[in-house]
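In the numbering used here, the protein residues as written are 964 to 1248.
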Ligand code: AMP
Ligand code: ZN
Ligand code: FE
Ligand code: FE
């Protein structure tokens, strides 16, 4: 069983449509794939309709959170997408991404970069708009060679010259909302130091006590030392350990299934969830 529990589509800042994503996941030999777009579930219906036989979809989202000034992401799995409190919070965060991206365009303009909101809007194409879309505009304009190169202090990294914060949920509130919607909460890439400051271990312990189910350990942004440390922490705090690609199509170099989750952990996630069931592929359209 090959299980990849963290992937993005054009519903946020990935480049595969949800239908392309599930087809590519099947072609990559995956048995289970999770669709976890930033702050939105809008890709789910298309992914389900296109789901190839032999591939199971775990519905989810990656929720933008912040604790003590540090941005962090919570993966939420198998929650009820219509539960009103979590839905309202998702919409709040997703909608705030628009004025925030416009703010980054304004900062870039002040720095002499002729990017426009229309350009970013075209690139985002209706998806939950984020820095990778702005970064793609910078690549189009020849300002940086790749999307990754825009994530520096010069440009869009946390605290960078053109960075603007967005609304982000308190993770304790997010865990409460995820649980209230029948979902399972996993802290995404908790040691991704290249993205900025990371959340200290005592705060992770407090989240575990508040109902956090697991942490993502096998991830491209974690080196061997970070993985060893996180595995120890998971054992200490009785947290599930996941691994996943955080696939973004051509906006990142990582491929589908580059990191995977143990089938027993996947089984435990499905046992804990009450908001939704994994969707078995019916052949797709
Ligand atoms: P946003 O949610 O709009 O703040 O954008 C965050 C997203 O940008 C993350 O989910 C990643 O997809 C991407 N990202 C963050 N840091 C980096 C980085 N150093 N290199 C490439 N992409 C990054
Ligand atoms: Zn992303
Ligand atoms: Fe993330
Ligand atoms: Fe992600």
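From the three backbone atoms N, C-alpha and C, an ideal C-beta is built for every residue, glycine too.
- Of all alpha-carbon atoms in 1190, 1106 and 1031, the one lying nearest the alpha-carbon of residue 1135 is that of 1031.
- For residue 965, same chain residues with a beta-carbon under 7 Å away, outside a window of 5 residues either side, are 992, 993, 994, 1220 and 1223 in chain order.
- The three-state reading of DSSP puts residue 1211 in coil, since its state is none of H, G, I, E or B.
- Boundaries of the alpha helix (DSSP H) around residue 1066: 1047-1073.
- Remark: fewer than three beta-carbon pairs, one from each stretch, lie closer than 8 Å, so the region 1105-1118 and the region 1130-1148 are not flagged as touching.
- Around the CB of residue 1074, fewer than 16 other CB atoms lie within 10 Å, so the residue is classed as exposed.
- The nearest non-hydrogen atom of ligand 1 is 7 Å or more from the C-beta of residue 1182.
- In summary, residue 1083 is buried, with 16 or more beta-carbon neighbours lying within 10 Å of its beta-carbon over all protein chains present.
- Between ligand 3 and the CB of residue 1185, the shortest heavy atom gap is not smaller than 7 Å.
- Taken atom to atom, the span from the alpha-carbon of residue 1181 to that of residue 1228 is near 13 Å.
- For residue 1096, the distance from the CB to the nearest heavy atom of ligand 4 is not below 7 Å.
- Of the heavy atoms belonging to ligand 4, none sits nearer than 7 Å to the Cβ of residue 1013.
- At least one heavy atom of ligand 3 falls within 7 Å of the beta-carbon of residue 1152.
- Looking from the CA of residue 1014, the closest CA among 1053, 1060, 981 and 1025 belongs to 981.
- Exposed is the label assigned to residue 1055, since fewer than 16 other Cβ atoms lie within 10 Å of its Cβ.
- Among the bridge pairs identified by DSSP, residue 1029 is matched with 1034.
- The residues 971, 1211 and 1212, in chain order, have a CB closer than 6 Å to that of residue 977 in the same chain once the five nearest residues on each side in sequence are set aside.
- When 1097, 1023, 1247 and 996 are compared, the shortest CA-CA separation from residue 1070 is found for 1097.
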